[in-house]
Amino acid sequence: MAHIEGYARYEERLLFLLLMLREPTVSLIFLSSMPVDAAVVDYYLSFLPDPAGARARLRMMPVGLAENTELCPLTHRILADPAMCHEIVLAAGGDAWLFPFVVTEHEERLSEITGLPVYGAPARLAALGTKSGSRAIAESARVATVPGTGGLASAEDVEAAVARLVVDGPVMLKLDDGYGGLGNAIVEAMPNGRLAQARIRFTAPDETWKSFAAEVSARGATAERYLTTPGLRSPSTFASITPDGTPEVIVTQDQVLDGMVYVGCRSPADSRYRSALRADARRVVDALSARGVIGLFSLDFLAVEHGGWEILLCETNLRAGGTTHPFGTTLLVTGGSVDGTTGQVVDGGRAKAYVATDHLWVPHFRGCRPADVIDRLGATAFDPRRGTGAVLHLLGAACVYGKLGITAIGDTLGEAEQVYQDSRRALGAADGPGLQQSH
Numbered sequence: 131m132a133h134i135e136g137y138a139r140y141e142e143r144l145l146f147l148l149l150m151l152r153e154p155t156v157s158l159i160f161l162s163s164m165p166v167d168a169a170v171v172d173y174y175l176s177f178l179p180d181p182a183g184a185r186a187r188l189r190m191m192p193v194g195l196a197e198n199t200e201l202c203p204l205t206h207r208i209l210a211d212p213a214m215c216h217e218i219v220l221a222a223g224g225d226a227w228l229f230p231f232v233v234t235e236h237e238e239r240l241s242e243i244t245g246l247p248v249y250g251a252p253a254r255l256a257a258l259g260t261k262s263g264s265r266a267i268a269e270s271a272r273v274a275t276v277p278g279t280g281g282l283a284s285a286e287d288v289e290a291a292v293a294r295l296v297v298d299g300p301v302m303l304k305l306d307d308g309y310g311g312l313g314n315a316i317v318e319a320m321p322n323g324r325l326a327q328a329r330i331r332f333t334a335p336d337e338t339w340k341s342f343a344a345e346v347s348a349r350g351a352t353a354e355r356y357l358t359t360p361g362l363r364s365p366s367t368f369a370s371i372t373p374d375g376t377p378e379v380i381v382t383q384d385q386v387l388d389g390m391v392y393v394g395c396r397s398p399a400d401s402r403y404r405s406a407l408r409a410d411a412r413r414v415v416d417a418l419s420a421r422g423v424i425g426l427f428s429l430d431f432l433a434v435e436h437g438g439w440e441i442l443l444c445e446t447n448l449r450a451g452g453t454t455h456p457f458g459t460t461l462l463v464t465g466g467s468v469d470g471t472t473g474q475v476v477d478g479g480r481a482k483a484y485v486a487t488d489h490l491w492v493p494h495f496r497g498c499r500p501a502d503v504i505d506r507l508g509a510t511a512f513d514p515r516r517g518t519g520a521v522l523h524l525l526g527a528a529c530v531y532g533k534l535g536i537t538a539i540g541d542t543l544g545e546a547e548q549v550y551q552d553s554r555r556a557l558g559a560a561d562g563p564g565l566q567q568s569h
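Take any residue in the sequence shown, count from 1 to its spot, add 130: that is its number in this note's numbering.
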C-alpha cells in the first residue's frame, strides 16, 4: 500500500463504523494510528438521531501521535504497550469483539491478550485471500476464472507460465498479495522468451522486471490472460460469514478502474449479470465457509459478454477493502437494511444506490481544517430526512495530501451519479483518476 498516495490515512475509511452508534445498545472503541480531528468525529455523529448519546458511548483511542509512525503497524504498537492492552480490556467490558482491517498473527495475539474475539478470516487461512488462493477456491467451488496459473514462486516459474500464455495475447501478472491493482503487470510481448527483455507495463511507479521478480520470490504470483474484450466489466460482491458459519452475499457493485488500479465503485451492479454474479459469489462464499473463513470480505470478478454474460472470479479479498466503507456508510447512515433478494440497501421501502471513490483530488484543501472541507459540500451533503446526498471520508487525507473520498447516495443509480458529480463540483475537485472516466 506504500505506493498509494495518503495511505497512512486510509484507516479513516473505517470511521463509518461510528455510525453503528445509531443503535443505543452499542458502544465503540476506535483505535487509530493518529488522532482523528474532533470535527470529523462530530461530522459522523451528526447523521445519528442522538449525537450526544452516541458520543457518550464512543471512545477514540489514538495509539500513535505523528505522521512518521505510519511505518509501524497499529497492532504492533498496541502489543508493545501492555498498559494500552489493559486499557482496551477495561474500556471494552465483557461483550465485545475486535474488527481489524485484516487479520494476521498479530491481531490474533492481541485477541489472546485481551480475551476479545476477532471478527475476520483466521491468519492460518490467509492464503485463501491471495491471487493463487482465489484460483484454487474458484476451482473447488466450480466457478470459472481467467485462463492462467497460480502458485508461481520464482522468476523462472513466471517465465514458463508467460511462455505458455503469451501466444494468445498479452499476459497479466499479479503478485499474490497485491492490493487495489497495485502489484500487477502486463506482459505485452516476450519475443525472445525472456522477461528481462520483454515489453512489460507495471502499475507500481518505478517498477522494473528485476524488482518485480524479487517480489515474486518473496510473495508469490499468478499469470493469466489479459482480457481486452470490448465492454469488459469488473463487478464485485460484498459478503459475510458469521462465526457460526452462516454465509451471505450482501450487495453487488461494479468497480471503476483507472487502467488496472481500483478507484471506486457503483452499486448495484449491472442488472444484466447481477443474478449470475450473486449465484457464483454464493458458491465461492459457501466454499470459504466450509474451510473456516469468517468475517466481512469482498469477491472481485470479471463479466465478459459473449451473447450472454460469463462471470469469472478474479480475487477473494479476505479483509476490509475499497468497497467495504461505501456499503457500510450507505447502510448505517440511512439506518436501512439489506434486501436479501435484490442485494440492495433499503430504507423506508426505497432501494438505495451509491457511487463512491477514494480518489477525489482537492489540492486546494492542503493545510485546511476538516471542517472547511465539510462546509464546502453545501446542499449536496447527505440529508437524513431524504436519505440521499454525499458522505465524505478521508477528511484527514484531504487536509494533508489533497485527496478525499466520497460516497454519493441516491434512490436510483442515476441519482447517485448526479449527487457524485454535483459534490465534485461543489468541492472543486481537480481532474484526475476518478469515476468520471468510466462514463
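Quick reminder that beta carbons are idealized off the backbone N, C-alpha and C, glycines included.
| Asked | Found |
| --- | --- |
| Alpha helix (DSSP H) runs wholly inside the region 471-526, at least 4 long, in chain order | 500-507 |
| Beta strand (DSSP E) runs contained entirely in the region 241-292, provided each spans 3 or more residues | 278-282 |
| Helix, strand or coil at leucine 178 [DSSP, three-state] | coil |
| Cβ-based burial, asparagine 314 [other Cβ within 10 Å; buried from 16] | buried |
| 8 Å contact criterion, which threonine 382 and threonine 358 should meet: CB distance rounded | Not confirmed; about 24 Å, so no contact. |
| Proximity to cysteine 215 [Cα-Cα], best of Thr279, Ala226, Val233, Ser241 | Ser241 |
| Enclosing beta strand (DSSP E) for tryptophan 439 [first to last residue] | 438-447 |
| Serine 347 to valine 288 span [Cα, whole Å] | 10 Å |
| Given tyrosine 531 as reference, the closest of Arg496, Gly280, Pro154 once Cα atoms are compared | Arg496 |
| Given aspartate 513 as reference, the closest of Thr537, Ala184, Arg404 once Cα atoms are compared | Thr537 |
| Separation of glutamine 548 from aspartate 416, as counted between CA atoms | 37 Å |
| Where alanine 251 falls, given that 16 or more other Cβ within 10 Å makes a residue buried | buried |
| C-beta atoms of cysteine 395 and threonine 453 nearer than 8 Å | yes |
| Opposing strand residues paired with glutamine 383 [DSSP bridges] | Ser366 |
| Cβ neighbour criterion (16 or more within 10 Å) applied to glycine 535 | buried |
| Touch test, the region 255-268 against the region 327-338, Cβ-Cβ under 8 Å, three pairs minimum | no |
| Limits of the alpha helix (DSSP H) - the one that aspartate 211 falls within | Premise fails: aspartate 211 is in no alpha helix (DSSP H) and is neither H nor E. |
| Among Ala285, Val156, Cys202, Leu148, the one whose alpha carbon lies nearest that of tryptophan 176 | Looking at the sequence provided, one finds serine at residue 176 rather than tryptophan. Among Ala285, Val156, Cys202, Leu148, the Cα nearest to that of serine 176 is on Leu148. |
| Per-residue burial, glutamate 445 [other beta carbons within 10 Å of its own, 16 or more giving buried] | buried |
| Coil, strand or helix - glutamate 197 by DSSP | For glutamate 197, the predicted model reports a pLDDT of 48, less than 50, meaning its position is unreliable; a value from the coordinates is still stated below. Three-state DSSP puts glutamate 197 in a helix. |
| Span of the beta strand (DSSP E), counted from its first residue to its last, around leucine 148 | Looking at the DSSP string, leucine 148 is not in any beta strand (DSSP E), and its letter there is neither H nor E. |
| Same chain, Cβ closer than 8 Å to isoleucine 575, neighbours up to 5 away in sequence not counted | As shown, the chain starts at 131 and ends at 569. That puts residue 575 outside it, with no answer to give. |
| Which residues DSSP lists as bridging asparagine 322, in chain order | Per DSSP, none; premise fails for asparagine 322. |
| Length of the line joining the Cα atoms of serine 553 and valine 485 | 11 Å |
| First through last residue of the alpha helix (DSSP H) which encompasses tyrosine 550 | 543-557 |
| CB-CB length for glycine 517 against arginine 480, believed under 8 Å | 7 Å |
| Rounded straight-line distance, which links the Cα of proline 365 to that of isoleucine 441 | 9 Å |
| C-beta contact flag for leucine 220 and leucine 246 at 8 Å | no |
| Local Cβ density within 10 Å of proline 230, reported as buried at 16 or more and exposed below that | buried |
| Presumed contact (8 Å Cβ cut-off) between serine 491 and alanine 559, rounded CB distance | Residue identity check: residue 491 is tryptophan in the sequence provided, not serine. Rounded, the Cβ-Cβ distance is 6 Å, consistent with contact. |
| DSSP three-state assignment for tyrosine 137, whether helix, strand or coil | helix |
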